[in-house]
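Visitor:
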Amino acid sequence: MSRRPRDAARPGAETSRALMRLGVFRRLWVGDAVSRLGYQVALFLFPLLAVVELDSSGAQTGLVSATQFLPVVALSLVAGIFADRSPTRTVIVVCTVIRGAALALLGVGYALLGLSLWMLLVIAFVVGSATVFYDIGYQSAVPKVLRPEELAQCNGILQASNSATQMAGPALAGLFVQLAGLPFAVTMTFALFAGAGIAFWSLKIPEDAALAPGRPGGPALLEGLKFTWTCRPIRDLCVQSGLFNLHEQAFLTAFMIYGVRQAGLSSGTVGLLIGVASVGALVGSVGVGRLAARLPAGPVLTAGLLLASGSLLLGPLFALLVNHSWRSDWRSYATVCPWGRTTSTS
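The numbering of the sequence shown is the working numbering, which starts it at 978 and goes up by one.
1) To the nearest angstrom, report how far apart Ala-1056 and Ala-1107 are at their CA atoms.
2) Using 10 angstroms around the beta-carbon of Gly-1403, count the other beta-carbons present and answer buried if the total reaches 16, otherwise exposed.
3) If we count the other Cβ atoms within 10 Å of its Cβ and call it buried at 16 or more, is Ser-1034 buried or exposed?
4) Quick check on Cys-1208: does DSSP put it in helix, strand or coil?
5) Taking 8 Å as the threshold (C-beta atoms), are Met-1165 and Val-1028 in contact?
6) Could you tell me the alpha carbon to alpha carbon distance between Ile-1075 and Ala-1043, rounded to whole angstroms?
7) Can you tell me the Cβ-Cβ gap for Val-1163 and Leu-1083, rounded? I've got them flagged as a contact below 8 Å.
8) Tell me the DSSP secondary structure of Pro-1120 in three-state form.
9) DSSP three-state label for Pro-1273, please.
10) Return helix, strand or coil for Thr-1032, following the three-state DSSP convention.
11) Suppose the cutoff is 7 Å on Cβ atoms and the five residues either side in sequence are ignored; what does the same chain contact list for Ala-1173 look like?
12) Quick one: Cα of Thr-1246 to Cα of Ala-1240, how far?
13) Just to confirm, is the Cβ distance from Pro-1024 to Val-1041 under 8 Å?
14) Quick one, which of Gly-1201, Leu-1278, Phe-1167 has its alpha-carbon nearest Gln-1217's?
15) Measure the alpha-carbon distance for Asn-1222 versus Arg-1212 and round it to whole angstroms.
16) Mind checking whether Arg-1004 and Met-997 have CB atoms under 8 Å apart?
17) If you follow the alpha helix (DSSP H) that Pro-1160 is part of, which residue opens it and which one closes it?
18) Using the beta-carbon count (16 or more within 10 Å), is Gly-1219 buried or exposed?
19) CA-CA distance, Glu-1127 and Val-1071?
20) Just to check my reading of the structure: Gly-1114 and Thr-1038 have Cβ atoms closer than 8 Å, yes? What is that Cβ distance to the nearest angstrom?
21) Going by the C-beta, is Ser-1218 closer than 7 Å to any heavy atom of the ligand FMN?
22) Please list, in chain order, all residues of the same chain as Ala-1280 whose beta carbon is under 6 Å from its beta carbon, the five residues on each side excluded.
23) Is Thr-1142 buried or exposed, if buried means 16 or more other CB atoms sit within 10 Å of its CB?
24) Give me the Cβ distance between Leu-1180 and Val-1001, rounded to the nearest whole Å; I'm assuming they're in contact under 8 Å.
25) Please report the residue range of the alpha helix (DSSP H) in which Ile-1075 lies.
26) By the 10 Å Cβ neighbour count, where 16 or more other Cβ atoms means buried, how is Thr-1230 classified, buried or exposed?
27) Could you check whether Ala-1148 and Leu-1249 sit closer than 8 Å to each other, using their CB atoms as the reference points?
28) Could you pull out every residue in the same chain whose Cβ sits closer than 8 Å to the Cβ of Ser-1053, ignoring the five residues on either side in sequence?
29) Using a 10 Å radius around the Cβ and a threshold of 16 neighbouring Cβ atoms, would you call Ala-1171 buried or exposed?
30) Is Leu-1242 helix, strand or coil by DSSP?
31) If you reduce the DSSP assignment to three classes, tell me which class Ile-1113 lands in.
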């Protein structure tokens, strides 16, 4: 592998300020933060449009949400093989462009044909698929531009920015729809992906002297599946992550429908409530690293999952017990707040 940028000029960076002085990391971080903000906006925007614009049923809205995450199950191993054989910068830039183009097509399709459920499903699947390839490409980029001793500090910065985008994304999506409807929301989301693409365009990522040889994809895919299934820790983490994300998205979809149709909340208020509830993830990302450093990973992960899973029940129960004279938006916040405060630990 070629030398990492400024490798000889810096013996190591122990603080986030030192990392931010590295131009290659700064561009990578800014591009990723803007890209993830665009994705978080789209993630909330698609099911919200199904509820507000199409008056979809609960099953149809759930289908839109599920379509966004279907590529994670179907394409993750394929994306890993592809990323291993392709230049990392190319994967990141192309996937960012594809997501922006998909949002642009949604806007054009809405203007020419009007919004339909099938249109929303196709665009959601394309954005979700490109995100799977992007995530794997980005994960392989970070170790190529930083030294091993810098990765822990880098992960803290990236997790904090990721939590911030999870907090801001739903709020912005709801606000965009409430202020000016679908065209404005789609335009702003496209602008975020375009901004991320610009940040990534001048990025220089060192690559191996030769990319992985063109081994047939079928055997490589089967080998990846076999390794994932036979390695107990990885298998357990995959099952845990899949089950938790499945139920978390079901909860958020049900809450969105409840907030708009039952509680009579505006799109902006629903997005703001989910965004504010995610403040816990931002706070947790700051302290969970120290906790994990002092305790074994297993107990920390188990405790976090139990707390986060229990909060999905605690929130609705608490909302039912509070005084019904409370405003509907405060009752709704009581529903999602416990979930947001504990999810970050897991």
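From the three backbone atoms N, C-alpha and C, an ideal C-beta is built for every residue, glycine too.
Guide: Quick look at the numbers:
1) The sequence position of residue 1056 within the sequence shown is 79, counting from 1. The sequence position of residue 1107 within the sequence shown is 130, counting from 1. Going from the Cα of Ala-1056 to the Cα of Ala-1107 covers about 9 Å.
2) Past the edges of the chain, shown from 978 to 1323, lies residue 1403, and the structure says nothing about it.
3) Sequence index remark: in the sequence shown, residue 1034 carries index 57 (1-based). Answer is exposed; the Cβ neighbour count stays below 16.
4) For the purposes of this step, residue 1208 is taken as the residue at position 231 of the sequence shown. Looking at Cys-1208 - three-state DSSP - the assignment turns out to be coil, as it is neither helix nor strand.
5) In the sequence shown, the residue the question calls residue 1028 occupies position 51. In the sequence shown, the residue the question calls residue 1165 occupies position 188. Against a cut-off of 8 Å, the Cβ pair of Met-1165 and Val-1028 comes out as no contact.
6) Mapped onto the sequence shown, residue 1075 falls at position 98. Mapped onto the sequence shown, residue 1043 falls at position 66. Using only the alpha carbons, I get a separation of about 20 Å.
7) Residue mapping note: residue 1163 aligns to position 186 of the sequence shown, counting from 1. Residue mapping note: residue 1083 aligns to position 106 of the sequence shown, counting from 1. Contact holds; Cβ gap of about 5 Å.
8) Numbered from its first residue, the sequence shown carries residue 1120 at position 143. It is helical.
9) Within the sequence shown, the letter at position 296 stands for residue 1273. Correct three-state label for Pro-1273: coil.
10) Taking the sequence shown and counting its residues from 1, the one referred to as residue 1032 is at position 55. Checking the sequence, you will find Asp at residue 1032 rather than Thr. Correct three-state label for Asp-1032: coil.
11) Numbered from its first residue, the sequence shown carries residue 1173 at position 196. Result list for Ala-1173: Gly-1008, Val-1011, Ser-1012, Gly-1015, Thr-1073, in chain order.
12) Start at 1 with the first residue of the sequence shown, and residue 1246 comes out as number 269. Start at 1 with the first residue of the sequence shown, and residue 1240 comes out as number 263. Approximately 11 Å, taken between the alpha carbons.
13) Sequence index remark: in the sequence shown, residue 1024 carries index 47 (1-based). Sequence index remark: in the sequence shown, residue 1041 carries index 64 (1-based). Taking 8 Å as the Cβ cut-off, Pro-1024 and Val-1041 qualify as a contacting pair.
14) The sequence position of residue 1217 within the sequence shown is 240, counting from 1. Cα-wise, what sits closest to Gln-1217 is Leu-1278.
15) Translated into positions along the sequence shown, residue 1222 becomes position 245. Translated into positions along the sequence shown, residue 1212 becomes position 235. Each residue's Cα considered, the two are about 15 Å apart.
16) Within the sequence shown, residue 1004 is the residue found at index 27, counting from 1. Within the sequence shown, residue 997 is the residue found at index 20, counting from 1. No; because the gap between Cβ atoms is not below 8 Å, this pair is not in contact.
17) In the sequence shown, counting from the first residue as 1, residue 1160 sits at position 183. Its alpha helix (DSSP H) spans residues 1128 to 1178.
18) If you number the sequence shown from 1, residue 1219 lands on position 242. It is exposed - the Cβ of Gly-1219 has fewer than 16 other Cβ atoms within 10 Å.
19) On the sequence shown, residue 1127 is found 150 positions in, with the first residue counted as 1. On the sequence shown, residue 1071 is found 94 positions in, with the first residue counted as 1. Using only the alpha carbons, I get a separation of about 27 Å.
20) By 1-based counting over the sequence shown, the position of residue 1114 is 137. By 1-based counting over the sequence shown, the position of residue 1038 is 61. Rounded, the Cβ-Cβ distance is 30 Å, inconsistent with contact.
21) Ligands are entirely absent from the displayed structure, and the ligand FMN is therefore not among its contents.
22) Here residue 1280 corresponds to residue number 303 of the sequence shown, with the count starting at 1. For Ala-1280, where only same-chain residues beyond five positions count, there are no Cβ hits under 6 Å.
23) Start at 1 with the first residue of the sequence shown, and residue 1142 comes out as number 165. Looking at its Cβ environment, which holds 16 or more other Cβ atoms inside 10 Å, Thr-1142 is buried.
24) The residue you call residue 1180 lines up with position 203 of the sequence shown. The residue you call residue 1001 lines up with position 24 of the sequence shown. Indeed, because the Cβ distance is near 7 Å, the residues count as touching under 8 Å.
25) Within the sequence shown, residue 1075 is the residue found at index 98, counting from 1. Run containing Ile-1075: 1065 to 1090, per the alpha helix (DSSP H) assignment.
26) Counting from 1 along the sequence shown, the entry for residue 1230 is found at position 253. So Thr-1230 ends up on the buried side.
27) Residue mapping note: residue 1249 aligns to position 272 of the sequence shown, counting from 1. Residue mapping note: residue 1148 aligns to position 171 of the sequence shown, counting from 1. For Leu-1249 and Ala-1148, yes; Cβs fall inside 8 Å.
28) As a first step, residue 1053 is located in the sequence shown; it is residue number 76 there, counting from the start. Here the set comprises Val-1109, Ile-1113.
29) Sequence index remark: in the sequence shown, residue 1171 carries index 194 (1-based). Buried.
30) As a working mapping, residue 1242 is identified with position 265 in the sequence shown. Three-state DSSP puts Leu-1242 in coil, outside helix and strand.
31) Indexing the sequence shown from 1 puts residue 1113 at position 136. It is helical.
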